[in-house]
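In the working numbering, the protein residues as written are 48 to 469. Right, one structure below, let's go through it.
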Amino acid sequence: MIGRLYAGALSLAAAAALCTAPAFAANTSSLTHSIVMDGLDSPWDMAFLDDGTMFYTEKCDGLSVRMPDGTVNALLGMEETEGYAATADDLFCNGQAGMMGVAVDPDFGENRRIYVYSTSSMSSPHTNRLMRLVVNEDFTGVSDRTDIVDDVPYKMTDSAHPFGGPGAHNGGRVRFDADGALWLTTGDNHNEDIPQSPTLMGSKILRMDTDGNAHPDNAPPEGFDKRTYTYGHRNVQGIAFHPGTGTAIAAEHGPWHSDEITVLVNGGNAGWDPRGNMAGRGDCPDGYCGYMPNQNEGMNRFERASFMPMTDFETYPDAMPPIWENNGWSQGTSSAAFLEGEAWGDWDGAMVVGIMGIGFGGTPIGQRIDVIQLDEDLGLFDVTEMTLPEGMEAGRFRSVVMGPDGSLYAAVDEGVIHKMTP
Ligand SMILES: [Ca+2]
């Protein structure tokens, strides 16, 4: 083994990574690929039943279900959509906002419940809401909408901060853990007060029951909304649960630098605070230091990170440290899942993270799925870019989800849901 020859000069982790490299190659070269659906409009998330039934969202259209035989039923449309069994006129899309995460109740067989996160105009100012719905017996419609979370902030106007426009930074992933708790990730709306606010539910990761009540074991600081599991995030679109320990791990977008993956600690602060008065930062344009200094001002990503860090240890020494920072880049780190099943070989139990990439002069850079292997202490062991199967094009990897068949499903903004099978 080549790795052993160099073991004396490399860290043990690096040497072990070299040793196992041939197994990785075997995995990726034997991935088969098929397109499950295409022609979709910004598919955002998927959720599966054991028989392969797949619920999915499209950001500006609504919620649909693809049956195991390939039949598609459009269940709940947003305002001004056609062809859905029902429409909800308060659900709308704007910018990054719209219909986002979807999850299936662990007891779906008994209660037929699913959960969908969407932007809504029902209240003023508008908010992001987590809705509970009941799916009818033949999967042709939903009913009994209950908004179990109705107070996640939404960015109404440009005036809050011009960069990114209305609808920016909603988070949006909805997942159940193995114990049946319901989790929701949210974002900062370009609002400097949200991340460290004890009561505004943006920039948080919420852990709840299926009525939207706080999990009894949540341990946020005194005065915080008890639904809070962690706070001080920027814009979390990825959350997954480590198969061995059940630990929640989040992936989130950085501001022109430093996408992060963070192992979450109950009650923890992720350390994002774009207020100007923090850490000696002066006034920033529009009361938001989140994009300072501007990336066009000649600073590199590491210099920017030192001014406006994703995790501000100077102000918050006890903040949760990220285990991965994307080599300092911000490239649209979106969703996360754990590969499970012996067919994945050495990647069984590894985390995959979908990265949407950024465009320079129309050329996308960084569109990929990273395979992130953790060590026994949930530290970073190795990162490998997944070699995509032949015939599969990269895209803006918005959602990665393990299917009940052991395949990895990946939705890209370009309108395709891919399936990769080891
Ligand atoms: Ca952080």
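Glycine included, every Cβ here is placed at the ideal spot set by N, Cα and C.
Chain-order list of residues whose beta-carbon lies under 7 Å from that of residue i (same chain, five-residue window excluded)
i, result
"Asp395", "Leu386, Glu387, Gly388, Glu389"
"Val181", "Arg159, Arg160, Val189, Ser190, Asp191"
"Ala64", "Low confidence applies here, because Ala64 scores a pLDDT of 42, under 50, leaving its location unreliable; read the following figure in that light. Result list for Ala64: Asp429, in chain order."
"Pro172", "Tyr201, Met203"
"Asn282", "His216, Gly218, Gly234, Asp235, Glu299, His300"
"Thr232", "Gly218, Gly219, Arg220, Ile252, Val283, Gln284, Ile286, Ala297"
Neighbourhood of residue i by C-beta distance below 6 Å, restricted to the same chain and skipping five residues each side
i, result
"Tyr363", "Asn316, Gly318"
"Glu461", "Gly442"
"Gln420", "Ala397, Phe428, Asp429"
"Gly334", "Glu239"
"Met101", "Met93, Phe95, Arg113"
"Pro411", "Gly404"
"Met325", "Thr362"
"Gly453", "Gly388, Ala390"
"Pro153", "Phe223, Gly227"
"Ser170", "none"
"Val83", "Ile464, Lys466"
"Arg254", "Ala228, Trp230, His262, Asn265, Tyr276"
Residues bridged to residue i (per DSSP)
i, result
"His465", "Ile82, Ala457"
"Glu105", "Pro90, Gly109"
"Phe360", "DSSP, once it has assigned bridges, lists no residue as partnering Phe360."
"Ala383", "Val400"
"Ile241", "According to DSSP, which records beta bridges pairwise, Ile241 is partnered with nothing at all."
"Phe95", "Met101"
"Tyr278", "Asn316"
"Phe349", "According to DSSP, Phe349 bridges with nothing at all."
"Arg254", "Trp230"
"Phe223", "Leu229"
"Trp376", "Bridge partners of Trp376: none, in fact."
"Ala261", "Met255"
"Trp371", "Ile308"
"Asn120", "Val112"
Alpha-carbon spacing of residue i relative to residue j, whole angstroms
i, j, result
"Asp429", "Asp191", "45 Å"
"Thr292", "Ala384", "14 Å"
"Asp422", "Thr380", "21 Å"
"Pro25", "Ala266", "Residue 25 is absent from the model: the chain starts at 48 and stops at 469."
"Ala295", "Leu311", "6 Å"
"Thr134", "Leu123", "5 Å"
"His237", "Asp108", "25 Å"
"Thr468", "Ile402", "19 Å"
"Val119", "Glu126", "20 Å"
"Ala132", "Ala121", "6 Å"
"Leu78", "Pro356", "38 Å"
"Ala352", "Gly345", "13 Å"
"Asp116", "Ile241", "45 Å"
"Asp359", "Glu157", "45 Å"
"Leu366", "Asn183", "Note that residue 366 is Ala in the sequence shown, not Leu. Answer to the nearest angstrom: the Cα atoms are 44 Å apart."
"Asp137", "Gly130", "17 Å"
"Thr246", "Ile308", "24 Å"
"Asp185", "Pro451", "20 Å"
"Ser111", "Gln143", "20 Å"
"Arg179", "Arg445", "22 Å"
"Ala68", "Gly148", "For Ala68, the predicted model reports a pLDDT of 42, less than 50, meaning its position is unreliable and no value from the coordinates is stated."
"Arg222", "Phe210", "29 Å"
"His280", "Pro321", "11 Å"
"Ala62", "Glu372", "With a pLDDT of only 40 at Ala62, under 50, the local geometry of the prediction cannot be trusted, and the value read off the model is given with reservation. Cα-Cα distance, rounded: 22 Å."
"Phe139", "Ser250", "21 Å"
"Ser89", "Ala457", "12 Å"
"Thr166", "Ser244", "21 Å"
"Ile275", "Cys336", "For the record, residue 275 in the displayed sequence is Thr; it is not Ile. About 24 Å."
"Val278", "Gly314", "Going by the sequence as given, residue 278 is Tyr instead of Val. Roughly 8 Å separates the two Cα atoms."
"Glu350", "Arg176", "37 Å"
"His262", "Gly99", "30 Å"
"Glu440", "Gln414", "10 Å"
Cβ neighbours of residue i in the same chain (closer than 8 Å, five flanking residues each side left out)
i, result
"Asp205", "Gly212, Pro213"
"Ser377", "His300, Gly301, Pro302, Trp303, His304, Ser305, Asp306, Arg348, Ile405"
"Pro290", "Phe385, Glu387, Gly396"
"Gly329", "Gly323"
"Val399", "Ala383, Ala384, Phe385, Leu386, Ile416, Asp417, Val418, Ile419, Met433, Val447, Leu455"
"Asp436", "Note that residue 436 corresponds to Pro in the displayed sequence, not to Asp. Around Pro436: Thr75, Leu78, Thr79, His80, Met467."
"Thr187", "Asn120, Leu122, Ala132"
"Asp85", "Gly462, Val463, Ile464"
"Phe288", "Arg222, Asp224, Ala225, Thr294, Ala295, Ile296, Phe385"
Any chain C beta carbon closer than 8 Å to residue i
i, result
"Pro267", "In the displayed structure, chain C is absent; only one protein chain is listed."
Just list the alpha helix (DSSP H) runs in the segment 122 to 209, keeping only unbroken ones of 4 residues or longer that don't cross its boundaries, in chain order. 155 to 158
Give, in chain order, every unbroken run of the beta strand (DSSP E) that is at least 3 residues long and sits entirely within the segment 284 to 317. 295 to 299, 307 to 310
Considering only residues of the segment 396 to 452, which uninterrupted beta strand (DSSP E) runs meet the minimum length of 3 residues and lie entirely inside it, listed in chain order? 398 to 402, 405 to 407, 410 to 412, 415 to 421, 427 to 432, 444 to 449
My parser needs the alpha helix (DSSP H) runs of 4 or more residues fully inside the segment 321 to 346; what are they? none
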